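Residue numbers (full-length UniProt numbering): 1 to 139.
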């Protein structure tokens, strides 16, 4: 399991908080609206990424270097999303409101989940490495 020392953990928290503040102050032209019973939209992405993806019937998120790619994915209600772990340790892709969860995905393996049927914006994290964030938009 990946563990950080006190100073390293504090530095990581500061880096993530800074990235969140920068992202929250930017305007990417989209203004997502949360659906009823969904988790409010969170616009925090990995400092090293910021990719946006739109599914064309083969929705996929790839995990590398402790980051989701793309960090924002748009899918249709009920679409299957495949998550490929190309990292050196296990990860999950779990909605913060528990609307979907891949469970543990070991290195080199993939998992999947069914996108919610209610349109909206769903924030997700890796339950093992909670500094990893992403957003799924269902429309």
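Virtual Cβ for every residue (Gly too), placed ideally from N, Cα, C.
Model, not experiment: these values are computed from the prediction.
Verify whether the separation of the beta carbon atoms of residue i and residue j is less than 9 Å.
i           : j          : result
residue 58  : residue 82 : yes
residue 102 : residue 89 : no
residue 69  : residue 85 : no
From residue i to residue j, what distance separates their C-alpha atoms?
i           : j           : result
residue 74  : residue 123 : 12 Å
residue 136 : residue 107 : 22 Å
residue 66  : residue 113 : 20 Å
residue 129 : residue 94  : 11 Å
residue 63  : residue 104 : 12 Å
By Cβ distance, which residues of its chain are closer than 8 Å to residue i, with the 5 residues on each side in sequence left out?
i          : result
residue 80 : 59, 112, 113, 114, 115
residue 76 : 55, 115, 138, 139
residue 87 : 63, 64, 65, 66, 107
For residue i, is the classification buried or exposed, using 16 other Cβ atoms within 10 angstroms of its Cβ as the cut-off for buried?
i           : result
residue 117 : exposed
residue 44  : Reliability of the predicted coordinates at residue 44 is poor, the pLDDT of 31 falling under 50, and the value obtained from them is presented with this limitation in mind. Its Cβ being crowded by 16 or more others within 10 Å, residue 44 is buried.
residue 12  : Confidence at residue 12 is low in this model, with a pLDDT of 44, below 50, so the placement of that residue should be treated as unreliable; the coordinate-derived value is given next. So residue 12 counts as exposed.
residue 120 : buried
Looking only at its chain, what residues have a beta carbon closer than 7 Å to the beta carbon of residue i, apart from the 5 residues adjacent to it on each side?
i           : result
residue 96  : 39, 123, 124, 125
residue 78  : 114, 115, 117
residue 127 : 92, 94
Using C-beta distances below 6 Å, list every residue in its chain close to residue i, excluding the 5 sequence neighbours before and after it, in chain order.
i           : result
residue 100 : 113
Restricting to runs no shorter than 3 residues, where is the beta strand (DSSP E) found entirely within the UniProt domain "EfeO-type cupredoxin-like" (58-138)? Taking only runs of at least 3 residues, the beta strand (DSSP E) segments lying wholly in the UniProt domain "EfeO-type cupredoxin-like" (58-138) are 59-64, 67-69, 72-75, 80-85, 110-114, 120-125, 133-138.
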